[in-house]
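What follows is a set of notes on a single structure, which appears directly below.
2 protein chains.
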Amino acid sequence: MERIESVKNPKVKQWKKLHTKKEREATGTFIIEGFHLVEEALKKKEQIRDIIVSEEVNLPATWNLDQVNMKLVTKDVMKAISDTETPQGVAAICEMQIPKSTESWTKILLVDSVQDPGNLGTIIRTADAAGVDGVVLGEGTVDHYNSKVIRSSQGSLFHLPIIKGDLLSWIDQQNENGTPVYGTSLQNGVSYKEISPSAQFCLLIGNEGSGVDEGLLQKTTKNLYIPIYGEAESLNVAIATGILLYHLHG
Amino acid sequence: MERIESVKNPKVKQWKKLHTKKEREATGTFIIEGFHLVEEALKKKEQIRDIIVSEEVNLPATWNLDQVNMKLVTKDVMKAISDTETPQGVAAICEMQIPKSTESWTKILLVDSVQDPGNLGTIIRTADAAGVDGVVLGEGTVDHYNSKVIRSSQGSLFHLPIIKGDLLSWIDQQNENGTPVYGTSLQNGVSYKEISPSAQFCLLIGNEGSGVDEGLLQKTTKNLYIPIYGEAESLNVAIATGILLYHLHG
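If you read the protein sequences in the order shown, they are chains A and B. Note that our numbering has the first sequence beginning at 467, numbered continuously upward. Note that our numbering has the second sequence beginning at 467, numbered continuously upward.
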């Protein structure tokens, strides 16, 4: 097993750069950290380029590491490539997966300009739980390979196909297919409770502050709101997504 | 208006200490920051001890500040008492409010050992939106006057009565009243979809990792789970709370 001691090693420098979107896009790879995430990634071994282990760490005996590239590193190297304060001592470099086809998707989540990484990660985790087939991220949405997104997705990034796409074309295409597209809006909408669950739907959620783009909302089948019974001005976007996806699933 | 220039001023030292639970409990006060939160607090002026303004900041002309104690401070003093990286330049010292009576509460949320401040804040905001009358925090739950909790509650802390209490006694009391108490549990529960909405209910949610305490779950009317349709292991506790509260509200 290769052993890397110096934080100046070119590999270490490149791994650190994976905390930038630019390097991730240039290489088609991203970095994950921690036992839970690496274990999730190991379920589809071919996506893993390297597992990086700090030398003081013992990996679980249950992990099948046949044919996986392993790199042993010092605690200092691990600290240098980590973006957490107390690294767990295990990381991996993974290849981005592009879904072969999106045609079989019947439950789709469209995400317009969600900017908080924690929100996007929680939305991905929630979409996974709610049986969504695929997620489309429009321009202006935070990169889903951002390490905070990956962390709050709790591994669901590895379960659910996620692509970047033009939301307007996606809505047009669903309209042609006859799949209902539900936008979310505080104005001019109908209460989500008036909508019946269906096997096929597309839900469109938007930015934390400004909501879904007005141009997109004009193309949807219907726009939904969640009633506010108390004095809160609004719901967090991930919470709203959870309520709507579980309602639409039926 | 009193003007404070030195970070060594005893008032400044005391305000800084309000970022600790100990000082908050000793004084019965807490500190909030930012325009939105101070504006929410101003809706019930009598709870405000002081509004603290950085001298380079202009307050909105719409704020009615009659009979409010104002302190003008330097940018450095504001930075010293703030726990955000880029302070907005306005803060307030507020008095904790204890609800006079809890007898009229018909929709109650019981919180067992939720530990992440962001989760608790989002739960409070969601409970507010969903029309909950009051929230009871059991032992082991993060202090709701923690500044991260306040920030993610988005002001709902000022709308909704929140108390600390013994959850076992609360459950016993609801059982005596005939109010259904719904625990949340991945094991031995019924799907929440089998439960009809009702005007009166008590929902019990639990810790991010270990869920609701087993002893409490044995005292409930029923324990609910949210079906997982995909591969996610679980839902975030705030997301689960949103789905359940909106379902139970009907």
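Backbone N, C-alpha and C fix where the C-beta goes; we use that ideal spot for every residue, glycine too.
Tell me which same chain residues have a C-beta within less than 8 Å of the C-beta of residue i, skipping the five on either side of it?
i, result
"B:Arg490", "Leu484, Phe496, Met562, Asp609, Tyr611"
"B:Thr540", "Ile470, Glu471, Ser520, Glu521"
"B:Ser548", "Glu499, Ala557"
"A:Gly716", "Ser662, Pro663, Ser664"
"A:His502", "Gln620, Gly621"
"B:Asn641", "Val647, Lys685, Thr687"
Looking at the secondary structure, which residues open and close the alpha helix (DSSP H) in which residue i lies?
i, result
"A:Phe501", "501 to 508"
"B:Leu525", "Careful: B:Leu525 lies outside any alpha helix (DSSP H) and carries neither H nor E."
"A:Glu680", "680 to 683"
Would you mind reading off the limits of the beta strand (DSSP E) that contains residue i?
i, result
"A:Val601", "600 to 603"
"B:Lys688", "688 to 691"
"A:Asp516", "514 to 520"
"A:Leu710", "Careful: A:Leu710 lies outside any beta strand (DSSP E), inside the alpha helix (DSSP H) at 703 to 715."
"A:Met544", "Taken as a continuous stretch (DSSP letters only), A:Met544 belongs to no beta strand (DSSP E), being part of the alpha helix (DSSP H) at 541 to 547."
"B:Val556", "556 to 561"
"B:Lys566", "Where B:Lys566 is concerned, there is no enclosing beta strand (DSSP E), given that its DSSP letter is neither H nor E."
"B:Leu484", "Where B:Leu484 is concerned, there is no enclosing beta strand (DSSP E), given that its DSSP letter is neither H nor E."
"B:Glu697", "Where B:Glu697 is concerned, there is no enclosing beta strand (DSSP E), given that its DSSP letter is neither H nor E."
"A:Glu468", "468 to 470"
"A:Lys573", "573 to 577"
Residue i: buried (16+ other C-beta within 10 angstroms of its C-beta) or exposed?
i, result
"B:Ala527", "exposed"
"B:Val656", "exposed"
"B:Thr588", "buried"
"B:Thr550", "exposed"
"A:Ala492", "exposed"
"A:Pro583", "buried"
"A:Trp529", "exposed"
"B:Leu586", "buried"
"A:Asn702", "buried"
"A:Ser676", "exposed"
"A:Leu652", "exposed"
"A:Ser567", "exposed"
"B:Glu506", "buried"
"B:Gly555", "buried"
"B:Ser613", "buried"
"B:Ile559", "buried"
"B:Ile564", "exposed"
"A:Met467", "exposed"
"B:Leu690", "buried"
"B:Gly494", "exposed"
Leaving aside the five residues before and after residue i along the sequence, list all residues of the same chain whose C-beta is less than 6 Å from its C-beta, in chain order.
i, result
"A:Leu575", "Ala593, Val598, Val601, Leu669"
"B:Gly606", "Ser579"
"A:Gln666", "Thr572, Thr645"
"A:Ala596", "Leu711, Tyr712, His715"
"B:Gly631", "Val602"
"A:Leu525", "none"
"B:Asp679", "Asp578"
"B:Thr625", "Here residue 625 of chain B is His; the residue named in the question, Thr, does not match the sequence. Taken in chain order, the residues that qualify are Asp594."
"B:Thr687", "Pro646, Val647"
To which residues of the same chain is residue i closer than 7 Å at the C-beta, ignoring the five residues directly before and after it?
i, result
"A:Leu623", "Ile590, His610, Ile616"
"A:Leu682", "Asp578, Leu633, Leu634, Ile637, Gly649, Leu670"
Please confirm whether any heavy atom of the ligand PLP lies closer than 7 Å to the CB of residue i.
i, result
"A:Ala492", "With respect to the ligand PLP, the structure shown offers nothing to examine, as it has no ligands at all."
Near-chain B residues of the stretch 674 to 705 of chain A (beta-carbon distance less than 9 Å), N- to C-terminal order: Correct list: Ile692, Pro693, Ile694, Tyr695, Gly696, Glu697, Ala698, Glu699, Ser700, Leu701, Asn702, Ala704, Ile705.
Contacting positions in the stretch 563 to 578 of chain B - beta carbon closer than 7 Å to chain A: The stretch 563 to 578 of chain B vs chain A, Cβ under 7 Å: nothing.
Interface positions of the stretch 494 to 526 of chain A facing chain B (Cβ-Cβ less than 8 Å), listed along the chain: Under the 8 Å Cβ criterion, the stretch 494 to 526 of chain A contributes no residue.
Unbroken stretches of the alpha helix (DSSP H), 4 residues or longer, contained in the stretch 595 to 671 of chain A: You should have 613 to 619, 633 to 643.
Under 9 Å (Cβ pairs) to chain A, residues found in the stretch 621 to 635 of chain B: Look at the stretch 621 to 635 of chain B: the residues with a C-beta under 9 Å from a C-beta of chain A are Gly621, Ser622, Phe624, His625, Leu626.
Against chain A: residues of the stretch 545 to 562 of chain B by CB proximity under 8 Å: Listed in chain order, the positions of the stretch 545 to 562 of chain B with a beta carbon within less than 8 Å of a beta carbon of chain A would be empty, since no residue qualifies.
Within 7 Å of chain B by C-beta, residues of the stretch 604 to 619 of chain A in sequence order: Against chain B - using a Cβ distance shorter than 7 Å - the stretch 604 to 619 of chain A contributes no residues.
Interface positions of the stretch 644 to 674 of chain B facing chain A (Cβ-Cβ less than 8 Å), listed along the chain: Listed by position along the chain: nothing, the set is empty.
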